[in-house]
Ligand code: SF4
């Protein structure tokens, strides 16, 4: 019998109503003044599952919905429809008191270590807070031990526990953010662009720290990034998103060696390669359409160099290719590209 995935996301949809004030809503339509809502379609019908101990990265341009997907998985944004299951148990739409047990098992590391740590709290207080919240009745000694262990694991001297976030560098702050996630002994971590705000010299250290913690604690990571070289380094499988839609989901080697979806091909062709032969840069024409007014059919058809009539009319369904990748493209499905 196949093991239950640690995370199973099924047909997830998340929209945001950004309708403005009364006057902003008024439009002239068919000779009459009427009101209209403005809806951003951030995540559209995304399905993916994750196995225990693996790292799945979600990549795509800014605004493609990858961070919204991460937050919907964590219950920060309740999805409009679809399901999120953690170890087979449905967690989307749970009220806060029933979601709490999952909060210890599922943690999140945010992009900006400057904004994600409370500047008025010492490191000790920052790290104690989640331990006390999730372990009612825990002794003071045990709390101290867990905080010290987490600080040591991320390479921050536990004797600095009475310092404030502003006394640390960006890299050290991100280490403290990771310690805050690890201190409750989670099984699953969403890392939302965890190195994007750091100096290049620090990025490798934080990546190695995440990978070491994964090995020590058998963690599963949902890793959100726009940096393909980082994704190539850390992931086992990669999901590519465009305008809130999953284009391709494949294991790392397959995706980087033979991308099938035209958007993935364009994305990967932008990676500079010294002396590389056989890969030419695919230049996409036009702008990314607005998620307020998604194009019909395949959302990529306005920029796709392979678009044909069916692409303008029908939404492609993800289908498994011979190489094991899941690809949502009419022309990959009919074998014409
Ligand atoms: Fe391009 Fe059509 Fe495939 Fe969309 S479905 S990626 S428009 S070929």
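Numbering (my numbering), first residue to last: -12 to 324. Here a beta-carbon is modelled for each residue, glycine too, at the ideal position from N, C-alpha and C.
- Message: Taking only three categories from DSSP, how would you classify residue 139?
- Response: helix
- Should residue 318 be counted as a contact of the ligand SF4 given a C-beta to heavy atom distance under 7 Å? yes
- Using the C-alpha atoms, what's the distance from residue 154 back to residue 256? Whole-angstrom Cα-Cα distance: 41 Å.
- Determine which residues share a DSSP beta bridge with residue 257 and list them. According to DSSP, which records beta bridges pairwise, residue 257 is partnered with nothing at all.
- Item | Where residue -3 sits in the DSSP three-state scheme | strand
- Got a sec? Which residues, its chain only, sit under 7 Å from residue 13 by beta carbon, not counting five neighbours each side? 20, 22
- Message: Here's a check: name, in chain order, each residue in its chain whose Cβ is nearer than 6 Å to the Cβ of residue 375, leaving out the five neighbours to either side.
- Response: Shown here, the chain extends from -12 to 324; a query on residue 375 therefore has no answer.
- According to the neighbour-count rule (16 or more other Cβ atoms, all chains shown, within 10 Å of its Cβ), is residue 28 buried or exposed? buried
- Beta carbon of residue 380, beta carbon of residue 220: below 8 Å? Limits of the chain in this structure are -12 at one end and 324 at the other, which puts residue 380 out of reach.
- For residue 243, the first and last residue of its enclosing alpha helix (DSSP H): 239 to 244
- Any chance the region 37 to 49 sits against the region 197 to 212, with 3 or more Cβ pairs inside 8 Å? yes
- Message: Is residue 250 near the ligand SF4 - that is, is its Cβ less than 7 Å away from at least one heavy atom of it?
- Response: yes
- Query: What residue range is occupied by the uninterrupted beta strand (DSSP E) comprising residue 229?
  - Reply: 224 to 229
- In the DSSP assignment, what residue or residues form a beta bridge with residue 15? 20
- Query: Which runs of the alpha helix (DSSP H), 4 residues or longer, sit entirely within the region 95 to 182?
  - Reply: Qualifying alpha helix (DSSP H) stretches, in chain order: 110 to 121, 127 to 140, 157 to 169.
- Query: DSSP three-state call for residue 208: helix, strand or coil?
  - Reply: strand
- With respect to the beta strand (DSSP E) encompassing residue 42, which residues constitute its N-terminal and C-terminal limits? 42 to 46
- Message: Would you say the beta carbon of residue 298 is closer than 7 Å to some non-hydrogen atom of the ligand SF4?
- Response: yes
- Range covered by the alpha helix (DSSP H) that runs through residue 87: Here the alpha helix (DSSP H) through residue 87 covers 83 to 92.
- Heavy atom of the ligand SF4 within 7 Å of residue 3 beta-carbon: Flag unset: Cβ of residue 3 not near the ligand SF4.
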